[in-house]
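*Asks:* Here it is, the structure in full.
In the working numbering, the protein residues as written are 8 to 109.
Now the structure itself:
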């Protein structure tokens, strides 16, 4: 069975340290411990690595699901939807990358 990686990069309207920390905490509260989630990490951009590709996000979320079905269930899970409802107004941009893992 193929695992599915779901990576999300958030750029915030308010890019202050406090706003970034608030989103990190919300990710930890609502997006961890879902059925079928086999790996979870959330963090912030490493500001000392000032490469052009590394400047346009504030928070990164990295999740790996056991399979596509687990990912699809997560997308409609109540806690995931609550995370979106409570935080989407703070987002200037969201980039999502999904990939199959070997």
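Heads up, the beta-carbon is just placed ideally off N, CA and C, and yes, glycines get one too. Since this is a predicted model, take the numbers as computed values, not measurements.
1. At the level of alpha carbons, what is the spacing between residue 105 and residue 79?
2. From 42, 77 and 16, pick the residue whose C-alpha is nearest to that of residue 100; which is it?
3. Please confirm if the region 78-97 is in contact with the region 51-62, defined as three or more CB-CB distances below 8 angstroms between the two stretches.
4. Can you check which of these residues, 18, 85 and 13, is closest to residue 48 by C-alpha distance?
5. For the beta strand (DSSP E) that contains residue 10, what are its first and last residues?
*Replies:* From the atom records:
1. Position 98 of the chain shown holds residue 105. Position 72 of the chain shown holds residue 79. About 12 angstroms.
2. Looking up residue 100 in the chain shown gives position 93. For residue 100, the closest of 42, 77 and 16 by C-alpha to C-alpha distance is 16.
3. no
4. Residue mapping note: residue 48 aligns to position 41 of the chain shown, counting from 1. Cα-wise, what sits closest to residue 48 is 13.
5. Within the chain shown, the letter at position 3 stands for residue 10. Taken as a continuous stretch (DSSP letters only), the beta strand (DSSP E) holding residue 10 covers 10-19.
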